[in-house]
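Step one of this worksheet: look at the structure below.
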Amino acid sequence: MDDAASSIAVAPLPTRKTLRARSSLPYQVMRFVAFNARMLRMVRKGHH
Amino acid sequence: MARVVILGAGISGHTAALHLKRRLKRGHEVIVVSPNANWNWIPSNIWVGVGRMTTDQVTFPLRPVYRRKGIDFRQALAVAIRPEGDGDRESGSVDIVYTDPTRLGEEERLTYDFLINATGPKLNFAATPGLGPDGNSLSVCTAKHAEQTSAAFDSIVDALKRGERKTLVIGVGHGTCTCEGAAFEYTFNIEHELCERGVRELADVVYLTNEYDLGDFGVGGMSFAQNGFVTSSKMWTESLFRERNVRAILRAHVERVEPGVIHYEQLDGTKGTLAFDFAMLLPPFRGADLKAYDRQGEDISDQLFAPNGFLRVDADYAAKPFEEWTAEDWPSTYQSVGYSNLFGIGIAFAPPHPISRPRSTPDGTVISPAPPRTGMPSGVMGRVVAHSIADRIERGETAPLHKASMASMGAACIASAGAGMRTGTAAAMTMYPIVPNFTRFPESGRSLKETTGEIGLGAHWTKLLLHYLFLYKAKARPGWFLIPE
Chain A
2 MDDAASSIAV APLPTRKTLR ARSSLPYQVM RFVAFNARML RMVRKGHH
Chain B
693 MARVVILGAG ISGHTAALHL KRRLKRGHEV IVVSPNANWN WIPSNIWVGV
743 GRMTTDQVTF PLRPVYRRKG IDFRQALAVA IRPEGDGDRE SGSVDIVYTD
793 PTRLGEEERL TYDFLINATG PKLNFAATPG LGPDGNSLSV CTAKHAEQTS
843 AAFDSIVDAL KRGERKTLVI GVGHGTCTCE GAAFEYTFNI EHELCERGVR
893 ELADVVYLTN EYDLGDFGVG GMSFAQNGFV TSSKMWTESL FRERNVRAIL
943 RAHVERVEPG VIHYEQLDGT KGTLAFDFAM LLPPFRGADL KAYDRQGEDI
993 SDQLFAPNGF LRVDADYAAK PFEEWTAEDW PSTYQSVGYS NLFGIGIAFA
1043 PPHPISRPRS TPDGTVISPA PPRTGMPSGV MGRVVAHSIA DRIERGETAP
1093 LHKASMASMG AACIASAGAG MRTGTAAAMT MYPIVPNFTR FPESGRSLKE
1143 TTGEIGLGAH WTKLLLHYLF LYKAKARPGW FLIPE
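First to last, the sequence lines map onto chains A and B. Counting in the numbering used here, the first sequence runs from 2 upward without gaps. Counting in the numbering used here, the second sequence runs from 693 upward without gaps.
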């Protein structure tokens, strides 16, 4: 097994709870708002 | 009255043209020279490449937009810059050859008061024998390439449905490529589509990259603060590869692509081959084929451009070891060193050095990513240079230049990992600054508060939102300037 394969083989797998959260509509709506707010804050901070 | 000529109508050149026209009073001329008639939102080409979008959804004709905004558009290829003028003429000029079907092949010399080089990259497929749509692999670099790639992918899916096993390789086609993020996105969009079309089990999906570690993305990787730990983009990316059962070949330089076989070399000097049925490999970039001449007609291309063809600007190009690289090496005004009325933005400016640690094989083959210059910083460069030029036209040569160094600028990168309003997913990353600054942020070179990563459906929505927002902005619809770059 090469470096990449052995490294991937022991990488952490998301739990069922994490996978559910990644596709949960209410939670993802909140993440969508939070991420876009963070992006806007960064644009204001770093681009001017 | 001043004339500003902009070479290139990609994200940076087009942004500069719109801001200049908005800032300058009537009478001043803004001329855009681009060999392409259409504008392309390149980040969405990956969706064209899996059949989720059409070319028409990611492109639009530039001419009507420029006509409406009063910008002079020349569909032509710039071939030479004469920054000192020529013969008796003192003002700089640029030689262009029309690609416009109505004036095809016609040559013209355009004089300018200010020139912006935003020519973007030359897709250097020729660097690797057999690479590219004219050779033995596919590409998603242009909408047309992505359309061809989508058709090839459909054929693979048909074969998988017939029960045949297939190997799909996605990655970069040279040791010095950039845009690993786009290759990563396309890998996971392909994987997602295979699942959606019910043929994943018979497909072997392989990511072939020049990155030292997964998650490098040409920016030396990132560190995130999550759940009370500082974690790395390496671990985060490897987790996704494990979850989605995608193989990876790292630290690779593709030597040549033969029909159905990729020959590559890895950092330790070992050579390998990889058989494939479908290969989308991005090419390395170099600067556009532009020459430069002084007033006497002597070739000064070596002074104006770096060896890779990109325009030298206000960066520190002195060769130095990785340990001595600093944030201050990076340019902030994008003004040419020798000519104060010449600027290079977007992919057209020469970076002082990579961001990822440079590495090479025992035989000296360089295998490390070139620095990415994605849409967000390219747009910002377009805007700041437009304001610098507008200030100098209105207030004179002493007006201070606006600044936007990649070492003090943040960026958001939304890497799609599958399309679909309910089933889509993406990795949403923010980093601040793009170029690590170890003086300000000794721990990892970047702010742990502003450098983040998360995976989910919401990130896919963000990528889709940016697609529509930036097309709206590029079409210069009402209020376009309120949408930040």
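C-beta: ideal position from N, C-alpha, C; glycine also. These numbers come from a predicted model, not from an experiment.
Between which two residues does the alpha helix (DSSP H) harbouring residue i extend?
i, result
"B/TYR1026", "First-last for B/TYR1026: undefined, no H or E at that position."
"B/TYR804", "First-last for B/TYR804: undefined, no H or E at that position."
"B/ASP981", "Taken as a continuous stretch (DSSP letters only), B/ASP981 belongs to no alpha helix (DSSP H), as it is neither H nor E."
"B/ASP994", "993 to 996"
"B/PHE1162", "1149 to 1166"
"B/ILE1085", "1067 to 1087"
"B/GLN767", "First-last for B/GLN767: 764 to 774, but that is the beta strand (DSSP E), not the alpha helix (DSSP H)."
"B/ARG715", "703 to 715"
"B/ASN902", "Element bounds for B/ASN902: n/a, residue is neither H nor E."
"B/ASP846", "835 to 853"
"B/SER1136", "Taken as a continuous stretch (DSSP letters only), B/SER1136 belongs to no alpha helix (DSSP H), as it is neither H nor E."
"A/ALA5", "4 to 10"
"A/ALA22", "17 to 24"
"B/TRP739", "737 to 740"
So residue i and residue j are in contact, right, with Cβ under 8 Å, and what is the actual spacing, rounded?
i, j, result
"B/LEU716", "B/ILE1085", "6 Å"
"B/THR879", "B/VAL938", "6 Å"
"B/LEU1149", "A/SER24", "5 Å"
"B/GLY855", "B/LEU894", "7 Å"
"A/ALA5", "B/LEU942", "5 Å"
"B/GLU1146", "A/PHE36", "7 Å"
"B/ALA1042", "B/ARG1004", "5 Å"
"B/SER1028", "B/GLY1036", "7 Å"
Would you mind sorting residue i into buried or exposed? The rule is 16 or more other CB atoms within 10 Å of its CB.
i, result
"A/ALA10", "exposed"
"B/GLU1177", "buried"
"B/ALA835", "buried"
"A/VAL34", "exposed"
"B/MET1068", "buried"
"B/ASN919", "exposed"
"B/ASP778", "buried"
"A/THR16", "exposed"
"A/GLN50", "With chain A represented from 2 up to 49, any question about residue 50 of chain A goes unanswered, as that position is not in the structure."
"A/HIS49", "At A/HIS49 the pLDDT is 46, less than 50, meaning the model places this residue with poor confidence; the figure from the coordinates comes in the next sentence. Label assigned to A/HIS49: exposed."
"A/LEU26", "exposed"
"B/PHE968", "buried"
"B/PHE1014", "exposed"
"B/ALA810", "buried"
"B/ASP1055", "exposed"
"B/LEU1157", "exposed"
"B/GLY1030", "exposed"
"A/MET31", "exposed"
"B/GLN767", "buried"
"B/GLY873", "buried"
"A/ALA38", "exposed"
"B/GLN958", "buried"
"B/THR841", "buried"
In terms of DSSP beta bridges, what is residue i paired with?
i, result
"B/TRP731", "B/PHE752"
"B/LEU860", "B/VAL897, B/PHE970"
"B/HIS945", "B/GLU957"
"B/CYS887", "Answer is none; B/CYS887 lacks a bridge partner."
"B/ILE1106", "B/ALA1120"
"B/ALA917", "B/VAL922"
"B/VAL1058", "B/SER1052"
"B/LEU1034", "B/LEU807"
"B/THR1144", "B/THR1122"
"B/ARG695", "B/GLU721"
"B/THR965", "B/HIS955"
Strictly below 8 Å CB to CB, what residues from chain E border residue i?
i, result
"B/MET1073", "Checking the listed chains, one finds no chain E in this structure; the protein chains it contains are A and B."
If you follow the beta strand (DSSP E) that residue i is part of, which residue opens it and which one closes it?
i, result
"B/ASP792", "Unbroken run through B/ASP792: none, as it is neither H nor E."
"B/ILE1175", "Per DSSP, B/ILE1175 belongs to no beta strand (DSSP E) and is neither H nor E."
"B/LYS814", "813 to 815"
Using only the heavy atoms of the ligand ATP, determine whether one of them is closer than 8 Å to the beta carbon of residue i.
i, result
"B/TYR790", "Questions concerning the ligand ATP fall outside what the structure shown contains, since it holds no ligand whatsoever."
*asked:* Check whether the region 1154 to 1166 of chain B and the region 1135 to 1143 of chain B touch, using three or more Cβ-Cβ pairs below 8 Å as the test.
replied: no
*Would you check if the region 841 to 851 of chain B and the region 899 to 906 of chain B touch, i.e. whether three or more CB-CB distances between them fall below 8 Å?*
no
*So does the region 1019 to 1028 of chain B actually touch the region 786 to 805 of chain B, counting three or more Cβ pairs closer than 8 Å?*
no
*asked:* Pairs of beta-carbons, one from the region 1107 to 1118 of chain B and one from the region 1150 to 1160 of chain B, closer than 8 Å: are there three or more?
replied: yes
*Is the number of C-beta pairs between the region 971 to 982 of chain B and the region 993 to 1004 of chain B that are closer than 8 Å three or more?*
yes
_Would you call the region 1045 to 1053 of chain B in contact with the region 782 to 793 of chain B, where contact means no fewer than 3 C-beta pairs closer than 8 Å?_
no
*Is the region 1095 to 1102 of chain B close to the region 1011 to 1020 of chain B, with three or more CB pairs under 8 Å?*
yes
*asked:* Contact between the region 706 to 725 of chain B and the region 861 to 878 of chain B is defined here as three or more beta-carbon pairs at a separation below 8 Å; is this criterion met?
replied: no
*Would you check if there are 3 or more beta carbon pairs closer than 8 Å linking the region 963 to 977 of chain B to the region 812 to 831 of chain B?*
yes
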